[in-house]
Each structure stands twice: as structure tokens, then as C-alpha cells.
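Input: a single structure, listed below in C-alpha cells.
Chains as they are written, first to last, in the numbering used here: chain A, 96 to 226; chain B, 1494 to 1778; chain C, 13 to 146.
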């Protein structure tokens, strides 16, 4: 069965979604990510959707669910690279993706994840615009 | 209808004569623009029209041009009208294409009907109503086409007239000037989001000090843009809100709590730089 | 108004939802829609195709390219013989969930298109038609 690869980058997991996912594949990704967060004791998940040209309510809910589940498992989730047309459409659709942090690209997303680790250990408290 | 029209028969019988006579009428018309269209092209289109006209008439429905039978004729007239609109013809010049067929057609109807005055009157009426409808159809399509061209030019103009400026690496500013309508706001906002993505700027300042008034639709578009920017990972500040606009916004019940608003562009820039972890200091002597 | 092109797709498997998206994208590009308009149309198609599959028990999607005078349009018709919707108004309101979030699909899709119509009878099925003009 096809799966979307999950890469480990230190304390974080990186997923790049490049295909137009059918529903089952999306559900599998969600399960795989939760499993890996536990298995690797990950502190963060970065999901790169810069190649996704369509994000409908199903995928949107999946992203929100991944963020909720990860938070319970003590990991932050950041979704990066959403295309402008996709963002406009999601807003029109009424999806706010509550609880999902976002960033413009992988680099900025990693900064958020690293900062969230920093805050935990008592680092400074810059409010980040992407929150 | 008891009267059996001779329209189809006459057109078929005199097809080439009709075409020649019609071409003469068109070429003689003051409204013909020879600089834009060659005689050959005109002849080709005219003969095509006659051919399709015959097809339409063969369907026996001579009054309802919206019916399926007349679809090929409508398509021809639509593309004809659209291209004439683009070439700069006026709607009358375009409709004259169809109307100038009347005289040649009536001449031949008269020939066929001979002494039958009633038959002739009936057929002239049928023909005139049909050609009127077809001529008016070209005008309708022309209008729609011009409207499309105008609106496309408007959007192009919009994009040019609302530049997105980079105030600092990571900080974009879009100064909106003049009255905003719903469509213009949408175009401008889409442009902003695109620039945010292209430049990787985390903060966009939408300055509306040049905007005299804002209505609900425009306010909603602004809010949607802020939401969309957030989904992308950037944040929007709105600056330059006049007291009048502030009052309108509250009065309209638009919820702005989620949006950081500043009275001046300068304060917005201050917030932006701070957010990026930057500070402006006096240089040490 | 002419129908310049018409394609019908079966929605029987989950993968068909993806197919509907891809075909809608192709036709939207052909119609000359802007990227944002393409995305809106494809997203609406995805929502409705999923509804047809999940709640309608499968059905069909008919994609048509329309020509009306000078303007071009894309019309999608989603039909199923499923259980039907008892209260359409409620189903259209955002936030209504029948356990899997049927709400966002319909109400949201309506906002993404120019024309939206829905017919549904309990026990007979549902038909949703959406159109976007260039």
C-alpha cells in the first residue's frame, strides 16, 4: 500500500505531501504520524503542503486532527507553504484550521518548532506572527 | 400557420446571386471598415452565414432563435460579433452584417411571389422578424463581449495601480488608494497574498489611509485576506484607519478583534519590526 | 446556451473523488479560469463528490463546459440514489454535522461557485448542480 514518507529530523518529523491524496491515503498518514510521534518521542511535526493545489474540508480536518493528536502526545505541529489560492478557498469554505500553526516555508516552520522547545525550557517569549 | 413560407426555397434557389447582391450592399455600406477586414474574409463569413441560415430554416421553426436548430447560426454570429468587438467595430456596424441581407432577400422574394401580394407580404414579414432577431442577437453578444474586455482591462489596471511595496525584508506594505469596491478589493487582496508567497514576507501592512470609506463587503474581504494570510503563515496589520471608518466598522458590526489595527503606517511598521525581532536605535557617536 | 463538452464520471470508489478533482481541474483550465477560480471549483467538486460517495452510496458526476453568448462556464452535476436529505436548510448551514461534517461541504461549496442548486428527496436521492462562469 502506498504511503507518504515521514522523515526524522532530530526531535522533529517532516512530511512533504506532493500527491493529490485520496481519502484513505490521508487517513493512513494521520495514523502513521501519530505512531511515529510516540515511537520516536518527537517534539514536533512539520507538514509541507507547498505542492498541494487543493485542500478540501477532509484534508483540512485531517490537518487539524494531526495537530490535536500531536499536542496530546506533547508535540507541536506546523503546516507550511500553503498556496495563496488554497488559503483563499479554505477561508471561503469556512475552515479556520483552529489549533494549527502555520508558516510560509520549511525554514520558518522549523524556527517555530525550535522556539516551542525553547519556550518550554524557559526561553524568551516573542509572540510569533504565525500564531 | 396556414402559409407555407418560400423563404428556404428562395434562398436555396438564388444562393449565389443572393451572396453577390449582399456583398455589394455590405461593401457599399458607409459603415464597412475595409481597413480591418478584407473582402475575401467578408465573403467567406457571408457565405457561411447563408449556409447555416438555410440549415436553421430547414428546421421549420422560424420564430424561436434560441432553439437548438438555430444553435449553429448563433455560434457563428457570436464568434463573429466577438471578433468584431475586439477589432473595434461599433455594435451597429456589427449588426449591419445581418440587416444588410434584407434588401437582397426581399428582391428575390418579390420575384418568386410574382402577383401573390399576400404571400409576399407574409414572407417579407417572416424574413424581417427573423433577421431582426438575429441582428439583435449580435448586438447582445457584442455588449457582453465589450463588457468582458472592459472588466479585464479594469483588472489589469488595478494590478498596475496598486503596487505592493517591500518596506523591509519580511515586511510588505500595500497602500490602498481611492474608493474600494468589492471586485477591486478582491483582486488587490489576491495580488497581496501572491506577493507574500513570492517574497516569503511574514508581515503585510494594509494601509487604508487613502480610502475615504469602507462598506461591509470591503471590510469582509479585508478580513478574509487577513485569515488567508494567517493560513499561509503570515500576518496582516491594517493601518491608517480614519475615525470615520472606525465608526462605520463598529456600526456595521464587523468583528475586528482578531486583527491588529494601527492608526498610522509608522506604528504598524514599528509593530512589524518588533515582531521580527528587530529594533531601531540611534547610532552611537 | 450551448453545451460544448460533456463528460460523466462514476463515483463508486474512493479514488473516483480524486478523478473528479483532476477532471474538473482540466476543464477549469480549458475554460480559462484564473488559478483562484480553478481552485475554488476543484475544491467544491471534491466536497460534493465526497458527499455523493459517502452519503449517497455512490453516484455520478457530470462535467459540462457551457457557452452562453460570449461567456464560458463550467457546470458540475452530482447525482446519487441514496437516502436523500430530510432537512436541506439545516444541512446547508455551516457547523451542522451528521458525524462526519456534512455541513461544511454544502454550505461552503455554495460560496465557492456562482450558481448552486440542490434537489433531494428522502428515500430517492440527491442532485446538486454547481456552475462557475469565467
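Just so you know, even glycine gets a beta-carbon here, dropped at the ideal spot from N, CA and C.
Query: Beta strand (DSSP E) runs wholly inside the stretch 157-202 of chain A, at least 3 long, in chain order; Result: 171-175, 196-198
Query: Three-state class that DSSP yields for residue 1521 (chain B) in the structure shown; Result: helix
Query: Whether residue 198 (chain A) touches residue 175 (chain A) by CB criterion (8 Å); Result: yes
Query: Proximal residues of chain B, C-beta to C-beta of residue 48 (chain C) below 7 Å; Result: 1683
Query: Residues of its chain near residue 117 (chain A), where Cβ-Cβ distance is below 6 Å and the 5 sequence neighbours each way are ignored; Result: none
Query: Where residue 1575 (chain B) meets chain C, residues with beta-carbon distance less than 7 Å; Result: 82
Query: Residue 56 (chain C): first and last residue of the uninterrupted alpha helix (DSSP H) it sits in; Result: 47-66
Query: Contacting positions in the stretch 14-25 of chain C - beta carbon closer than 9 Å to chain B; Result: 14
Query: Start-to-end residues for the beta strand (DSSP E) that takes in residue 22 (chain C); Result: 14-23
Query: Three-state secondary structure (DSSP) of residue 1549 (chain B); Result: helix
Query: Residues near residue 145 (chain C) in its chain [Cβ-Cβ closer than 6 Å; skip 5 each side]; Result: 83, 85, 126
Query: Residue-chain proximity (residue 32 (chain C), chain F), Cβ-Cβ < 8 Å; Result: Reference to chain F is not applicable here, since the protein chains of this structure are A, B and C.
Query: Neighbouring residues, chain C, relative to residue 1638 (chain B) (Cβ below 7 Å); Result: 82
Query: Separation of residue 109 (chain A) from residue 1778 (chain B), as counted between CA atoms; Result: 48 Å
Query: Endpoints, the beta strand (DSSP E) within which residue 87 (chain C) is located; Result: 83-92
Query: Given residue 1601 (chain B) as reference, the closest of B:1616, B:1587, B:1588, B:1589 once Cα atoms are compared; Result: B:1616
Query: Beta-carbon proximity list for residue 142 (chain A), same chain, < 6 Å, skipping 5 on both sides; Result: 110, 174
Query: Span separating the alpha-carbon of residue 1660 (chain B) from that of residue 1769 (chain B); Result: 13 Å
Query: Proximity test, Cβ basis, 8 Å: residue 121 (chain A) and chain C; Result: no
Query: Within chain A, the residues that residue 1505 (chain B) reaches when beta carbons sit closer than 7 Å; Result: Per Cβ cutoff of 7 Å: no residues; residue 1505 (chain B) is ~54 Å from chain A at best.
Query: Beta strand (DSSP E) runs contained entirely in the stretch 112-137 of chain A, provided each spans 3 or more residues; Result: none
Query: Under 9 Å from the C-beta of residue 1641 (chain B): neighbouring residues of chain C; Result: 82, 83, 146
Query: Beta-carbon contacts of residue 44 (chain C) that lie in its chain and below 8 Å, excluding the five residues immediately before and after; Result: 84, 146
Query: Same chain, Cβ closer than 7 Å to residue 1473 (chain B), neighbours up to 5 away in sequence not counted; Result: The shown model of chain B, from 1494 to 1778, leaves out residue 1473 (chain B), and the question about it has no answer.
Query: Chain-ordered chain C contacts of residue 187 (chain A) [CB-CB under 9 Å]; Result: 52, 55, 120, 123, 124
Query: Residue 1533 (chain B) versus residue 73 (chain C) - alpha carbon distance; Result: 45 Å
Query: Cβ pair residue 56 (chain C), residue 142 (chain C) closer than 8 Å; Result: yes
Query: Nearest to residue 19 (chain C) (by Cα), restricted to the options C:133, C:90, C:121; Result: C:90
Query: Chain B residues whose Cβ lies nearer than 7 Å to that of residue 200 (chain A); Result: 1693
Query: Neighbour list for residue 1571 (chain B) in chain C, Cβ cutoff strictly below 7 Å; Result: 81, 82
Query: Boundaries of the alpha helix (DSSP H) in which residue 29 (chain C) is found, first to last residue; Result: 27-42
Query: Rounded straight-line distance, which links the Cα of residue 34 (chain C) to that of residue 1576 (chain B); Result: 32 Å
Query: Which of helix, strand or coil DSSP assigns to residue 1712 (chain B); Result: helix
Query: Reference residue 170 (chain A), options A:130, A:202, A:200, closest by Cα; Result: A:130
Query: Cβ-based neighbour list, residue 104 (chain C), same chain, cut-off 6 Å, excluding 5 preceding and 5 following; Result: 118, 119
Query: Ranges of the beta strand (DSSP E) found wholly within the stretch 1667-1721 of chain B, counting only runs of at least 3; Result: 1696-1703
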